[in-house]
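Accompanying notes for the structure given below.
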Amino acid sequence: MSLTFILAISVSFVIAFLFTPVVKNIFISRNWIEDPHLKQQKTHNATASSSVPRGGGIPIFFAVLLTSLVFLPPTKQLIGILLGALIALIVGIFDDVKDLSPRLRLFTNLFSALIVVGSGIGIAYISNPFGAPVDLSYPRLVFNFFGPHSIWLIADLLAIVWIVWCQNIVGWAAGVEGQLPGYVAISAIFIGILGLRFSGDVAEFPVIILSAAIAGAYLGFLPFNFFPQKIMPGYSGKSLAGFFLAVLSILSGAKVATLILLLGIPMIDAVFVIIRRLRQRKSIFLSDGSHFHHQLLQLGWSRQSIAILYWVFSFLLGLASLFLNSQQKFYLFVAVFFLFSGIVLKVSRRI
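If you count the sequence shown from 1, you need to add 61 to reach our numbering.
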């Protein structure tokens, strides 16, 4: 199983690595490039952003799609995941080219999540660090539509909220070159490793392969996105990152808490930004350059250093997730929250 995991990463990596330059050249030939004068809040430097296209989600999607189809049978759940990802990709491409409104993007996020939940994927239970897992499979709504079906109201609603939340906050932590593909790949690898621990369980096989496909896709994209970048993830690459990681955390035995830990810094940063925007009576959908990576840039940190810092955070938290139980993960997340809060306050005072 470990060999299959590595092979799936390699296949996905090669597809993304070979396809990314093709997408880059197509976008440049059509002048679908980032305009720094229209995007003042972007953190990319002006000389790079004036000639760097978006559209990174295209090679990433096809790397995941082809790898999944090679290694996995076309089950209803897999089709639902890939169809939801396709919707996210199409909307992302439109945004990369034309810039859609944040509210329209949010609506399409909901549509992608509904497709996944409609394929039978939901959060049936969540871990309880202080006792038995919380069962969310009730109440159920059973109906007949070309056969018996059931809707787990709380489980499915939570899954929709979780997927949409991840699609947005993961994308928020993509302000510097290489930041997003690095920590997304690391997160996917650790979810896959956790799945390998239970490789005897047939239900874990899709998790292992999907984790490998996602990790390989973002690793194959990374060389072209790291400073000096040649192509950006764009909204297509960012929304797919959150979508795929959210689905992985649900599929892998409802390891939502594990993903919260893996994405601890982006998650906490997103909460701080939302609170700050609400207090200032600003729209939570509009960028205002107040994320943690923006603050580090103002302090004089290089883009490479910021990206690597996020990778290191994800790696260390992922490493911890391999050895900690639910209660220990909870305590670690609380500790990370207070530590990060202190760092943010200290950095804010120095700006």
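Cβ coordinates follow ideal geometry from the N, Cα and C atoms, glycine included. Quick caveat: nothing in here was measured; it's all calculated off a predicted structure.
| request: Sort S300, S297, I182, V125 by Cα distance to F78 and report the nearest one. | output: Nearest C-alpha to F78 among S300, S297, I182, V125: V125.
| said: Run through the DSSP bridge pairs and tell me what Y186 is partnered with. | reply: In the DSSP output, where bridge partners are listed per residue, Y186 has D196.
| query | Under three-state DSSP, which class holds P267? | reply | It is helical.
| query | So what does I230 bridge to, in DSSP terms? | reply | I230 pairs with nothing; no bridge assigned.
| said: If you follow the alpha helix (DSSP H) that T81 is in, where does it begin and where does it stop? | reply: Annotation for T81: the continuous alpha helix (DSSP H) segment containing it runs 63-90.
| Beta-bridge pairing of I94 - partner residues as DSSP gives them | Note: I94 sits in a beta bridge opposite P114.
| said: Taking a contact to mean a Cβ-Cβ separation below 8 Å, would you say P114 touches K159 in this structure? | reply: No, they are not a contact pair.
| request: Scan the stretch 286-343 and note each continuous alpha helix (DSSP H) run of 4 residues or more that stays entirely inside, going in chain order. | output: Counting whole runs of 4 or more residues, the stretch 286-343 contains the alpha helix (DSSP H) stretches 295-312, 317-323, 325-340.
| task | Within 10 angstroms of the Cβ of P135, are there 16 or more other Cβ atoms? Answer buried if so, exposed if not. | result | An exposed status is given to P135, since fewer than 16 other beta-carbon atoms sit within 10 Å of its beta-carbon.
| field | alpha helix (DSSP H) runs contained entirely in the stretch 340-392, provided each spans 4 or more residues | value | For the stretch 340-392, whole alpha helix (DSSP H) runs of length 4 or above, ordered along the chain, are 353-359, 364-382.
| Going by C-alpha distance, which of L167, F88, A69, L64 is nearest F346? | Nearest of L167, F88, A69, L64 to F346, Cα basis: L167.
| Going by Cα to Cα distance, which pick from Q389, R337, F282, L175 is closest to G243? | Nearest of Q389, R337, F282, L175 to G243, Cα basis: F282.
| message | By the DSSP assignment, the alpha helix (DSSP H) with R164 in it spans what residues? | response | Residues 163-179.
| Assuming S382 and G116 make a contact with CB atoms under 8 Å, what is their CB distance in whole Å? | The beta-carbon separation of S382 and G116, rounded to 32 Å, does not stay under the 8 Å limit for a contact.
| Would you report the Cα separation of I335 and G277, rounded to the nearest angstrom? | Approximately 31 Å between the Cα atoms of the pair.
| Would H355 be called buried (16 or more neighbouring beta carbons within 10 Å of its own) or exposed? | So H355 counts as buried.
| said: What residue range does the alpha helix (DSSP H) around D157 cover? | reply: Under the DSSP assignment, D157 falls in the alpha helix (DSSP H) whose first and last residues are 137-159.
| Other residues of its chain near Q228: CB distance less than 6 Å, five sequence neighbours each side excluded | Once the five neighbours on either side are set aside, the close Cβ partners of Q228 are N170, S300, G303, F304.
| task | List the whole-angstrom C-beta distance separating G44 from S248, where the pair is believed to meet the contact cut-off of C-beta under 8 Å. | result | The requested residue 44 does not occur in the structure, where the chain is confined to residues 62 to 412.
| DSSP state of G236, grouped into three classes? | Three-state result, G236: coil.
| With 16 as the cutoff for other CB atoms within 10 Å, does D196 come out buried or exposed? | The C-beta of D196 has fewer than 16 other C-beta atoms within 10 Å across all chains shown, which makes the residue exposed.
| request: Ignore the nearest five residues each way along the sequence and tell me which others in A273's own chain have a CB closer than 7 Å to its CB. | output: Contacts found: F66, A69, I70, S73, G253.
| field | Cβ contact check for the stretch 182-194 and the stretch 146-165: 3 or more pairs under 8 Å | value | Contact fails: fewer than three Cβ-Cβ distances are below 8 Å.
| task | Leaving out five residues on either side along the sequence, give the residues of the same chain with a beta carbon under 7 Å from the beta carbon of F401. | result | I326, I329, listed in sequence order.
| query | Excluding the five sequence neighbours on either side, which residues of its own chain have a C-beta within less than 6 Å of the C-beta of I292, listed in chain order? | reply | Take I292, set aside five residues on each side of it, and the residues of its chain with a beta-carbon closer than 6 Å to its own are K85, P114, G117, F285, in chain order.
| task | Give the secondary structure of R410 by DSSP, where H, G and I count as helix, E and B as strand, and everything else as coil. | result | The three-state reading of DSSP puts R410 in helix, counting H, G and I together.
| What is the rounded straight-line gap between the Cα of L147 and the Cα of G183? | Each residue's alpha carbon lies about 19 Å from the other.
| For Q101, which residues from the same chain have a beta carbon less than 7 Å from its beta carbon, with the 5 sequence-adjacent residues on both sides left out? | At Q101, the pLDDT of 41 sits below 50, so the modelled position is not reliable and the matter cannot be decided from this model.
| CA nearest to the CA of L144, picked from F123, F398, I270 | When only C-alpha atoms are compared, the closest one is F123.
| task | Pick helix, strand or coil for F191, following the three-state DSSP scheme. | result | In the three-state reduction of the DSSP assignment, F191 falls in the coil class.
| field | Straight-line Cα distance separating I94 from L130 | value | Each residue's alpha carbon lies about 31 Å from the other.
| As assigned by DSSP and simplified to three states, the class of P134 | When DSSP states are grouped into helix, strand and coil, P134 belongs to the coil group.
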